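Enquirer: Here it is, the structure in full.
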Amino acid sequence: MAMLHIVNKSPFERVAFDSCLAHAQAGDAILMIEDAVVGAVDGSRFAGKLKAAMADKTVYVLGSDLAARGLEGKAMEGVAVVDYAGFVDLTANNERTQSWL
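Numbering of the sequence shown is given in the numbering used here, commencing with residue 97 and proceeding in unit increments.
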């Protein structure tokens, strides 16, 4: 049973993303929105954790939130950029959703 994990807090300011990674299971999807998108930038100190998670989870980032923070086109390789329609698709295509605050 796949779950969509939605994270909206920066991994550099809160522990929500670390908690998400600790609880997400193989086959789950992780969507980074709002301030969480800064963790998807290649070369950040969080990049290693995110790359390790991508071994058995799919990671997405909301493109409009990247753009709003001046990070458009800077998401690390392997992170899928989605729009709001993609966000909706992710919620519809996963049996459960967990928001990490």
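Where is the CB? At the ideal position from N, CA and C, for every residue including glycine. On a predicted model such as this, the values are computed, not experimentally measured, just so you know.
Do you know offhand how far R138's Cα is from D114's?
Expert: Here residue 138 corresponds to residue number 42 of the sequence shown, with the count starting at 1. Here residue 114 corresponds to residue number 18 of the sequence shown, with the count starting at 1. Looking at the sequence itself, residue 138 is Asp, so the reference to Arg does not match. Taking the straight line joining both Cα atoms gives about 17 Å.
Enquirer: What three-state label does DSSP hand A176 in the structure shown?
Expert: Looking up residue 176 in the sequence shown gives position 80. Correct three-state label for A176: strand.
Enquirer: The alpha helix (DSSP H) spanning S115 covers which residue range?
Expert: Looking up residue 115 in the sequence shown gives position 19. It spans A112 to H119 - the alpha helix (DSSP H) in which S115 sits, taken as one unbroken run.
Enquirer: So A98 and D131 are supposed to be a Cβ contact under 8 Å. How far apart are they, rounded?
Expert: Translated into positions along the sequence shown, residue 98 becomes position 2. Translated into positions along the sequence shown, residue 131 becomes position 35. With 8 Å as the limit, A98 and D131 do not qualify as a contact, their Cβ atoms being about 25 Å apart.
Enquirer: Going by alpha carbons, who is nearest to A118 out of S106, A148 and A136?
Expert: On the sequence shown, position 22 is the one that residue 118 refers to. Checking every option, the nearest Cα to that of A118 belongs to A148.
Enquirer: Here's the rule I'm using: 16 or more other beta-carbon atoms within 10 Å means buried, otherwise exposed. How should A151 be labelled?
Expert: Indexing the sequence shown from 1 puts residue 151 at position 55. It is exposed - the Cβ of A151 has fewer than 16 other Cβ atoms within 10 Å.
Enquirer: Candidates Q121, V111, A120 and A122: which alpha carbon is nearest G135's?
Expert: Translated into positions along the sequence shown, residue 135 becomes position 39. The candidate whose alpha carbon is nearest that of G135 is V111.
Enquirer: Rounded to whole angstroms, what's the CA-CA distance from A164 to F108? Just pull it up for me.
Expert: Position 68 of the sequence shown, counted from the first residue, corresponds to residue 164. Position 12 of the sequence shown, counted from the first residue, corresponds to residue 108. Rounded to the nearest angstrom, the two C-alpha atoms are 18 Å apart.
Enquirer: Kindly indicate the opening and closing residues of the alpha helix (DSSP H) around L162.
Expert: If you number the sequence shown from 1, residue 162 lands on position 66. From DSSP, the alpha helix (DSSP H) with L162 extends over G159 to A164.
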